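Written out below as structure tokens is the structure these notes cover.
Residue numbers (this note's numbering): 7 to 98.
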């Protein structure tokens, strides 16, 4: 078979189609001194808000599992108190 690569490619993928697509829509940049910025825009503060970034790795917020992980710890504390144990988180 004597077929050229270009004959197998649709016209929409060829270089000339892309050039025609963007013809007239891409304008060169003007010099910065030629751009007129309104006074109320030039007076605006456009910096990001000042915030304090905490040191170290962020803690992963984790939800207790639905299989009783949250209640299991609470039940063990209740049983310990019923047996006469001390409160694990008391402030003495």
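C-beta atoms are modelled at their ideal positions from N, C-alpha and C, and glycine is treated no differently. Note that the structure is predicted; figures quoted are calculated from it, not measured.
Using DSSP with H/G/I as helix, E/B as strand and the rest coil, what is residue 28? coil
As assigned by DSSP and simplified to three states, the class of residue 48: Here DSSP, grouped into helix, strand and coil, assigns residue 48 to helix.
Proximal residues to residue 11 (C-beta, below 6 Å), its chain only, five neighbours per side dropped: None.
Cα separation between residue 28 and residue 14? 24 Å
Does the distance from the C-beta atom of residue 26 to that of residue 17 stay below 8 Å? For the 8 Å CB-CB criterion, residue 26 and residue 17 do not form a contact.
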